[in-house]
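Numbering (the numbering used here), first residue to last: 1 to 155. Cβ atoms here follow ideal geometry from the backbone N, Cα and C, with glycine treated the same way. Owing to the predicted nature of the structure, the values given are computational and were not obtained by experimental measurement.
And the structure:
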């Protein structure tokens with residue numbers, strides 16, 4: 001059981017990269033920061049899981065975690081709030097797109113904030129299923145999703 005900063009509890013299990021099918025979600029947040037200091041074992045597991053996944057969603061500084069595996073080299077990601085030194089250290093060779101809520105680069109979907117994670121999930125649903133399925137999901141959540149907001153998404 002993992003506790004979030006906000007107090008929410010999430011049941012977790014061991015990551016077995018060979019069992020990953022479909023979507024891999026790489027969360028960010030304060031807990032992710034300790035992995036940024038080259039926890040090689042965990043980073044190797046994340047890399048293998050991302051290689052096996054059809055879609056890889058990265059929330060906020062979750063993209064910095066995946067960047068440490070080398071999988072995002074020469075790719076684009078949504079800029080996320082970290083100080084300039086952290087950005088230079090952990091995203092060298094990666095183009096951070098400023099002011100974009102969501103960036104899609106191949107199978108890699110990144111977002112600039114936790115709330116933009118909802119938009120990211122809806123874009124994955126639109127790509128896997130179709131746009132109407134994503135719109136329906138947004139409506140059922142009571143979420144006002146604007147899939148036509150060109151300034152918010154970068155592909």
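Item                                                                                                                                                                       : Value
Measuring straight from C-alpha to C-alpha, what distance separates residue 146 and residue 57?                                                                            : 19 Å
Looking only at its own chain, which residues have a Cβ that is under 7 Å from the Cβ of residue 96, when we skip the five neighbours before and after it?                 : 77, 79 and 87
Could you tell me the alpha carbon to alpha carbon distance between residue 129 and residue 23, rounded to whole angstroms?                                                : 13 Å
If you count every other CB in all the chains shown that lies within 10 Å of the CB of residue 101, and 16 or more means buried, which is it?                              : buried
Just to check my reading of the structure: residue 109 and residue 124 have Cβ atoms closer than 8 Å, yes? What is that Cβ distance to the nearest angstrom?               : 6 Å
For residue 48, collect the residues of the same chain with a Cβ closer than 6 Å to its Cβ; drop the 5 residues on either side in sequence, then sort them by chain order. : 17
Can you give the Cα-Cα distance for residue 98 and residue 82, rounded to whole angstroms?                                                                                 : 12 Å
Check residue 23 in the structure and name its three-state DSSP category.                                                                                                  : strand
Alpha carbon to alpha carbon, what distance is there between residue 154 and residue 93?                                                                                   : 18 Å
Do residue 105 and residue 75 have their C-beta atoms within less than 8 Å of each other?                                                                                  : yes
Spatial neighbours of residue 2 within its chain, please: C-beta separation below 6 Å, excluding the five flanking residues on both sides.                                 : 10 and 12
What is the rounded straight-line gap between the Cα of residue 20 and the Cα of residue 85?                                                                               : 33 Å
If we count the other Cβ atoms within 10 Å of its Cβ and call it buried at 16 or more, is residue 133 buried or exposed?                                                   : exposed
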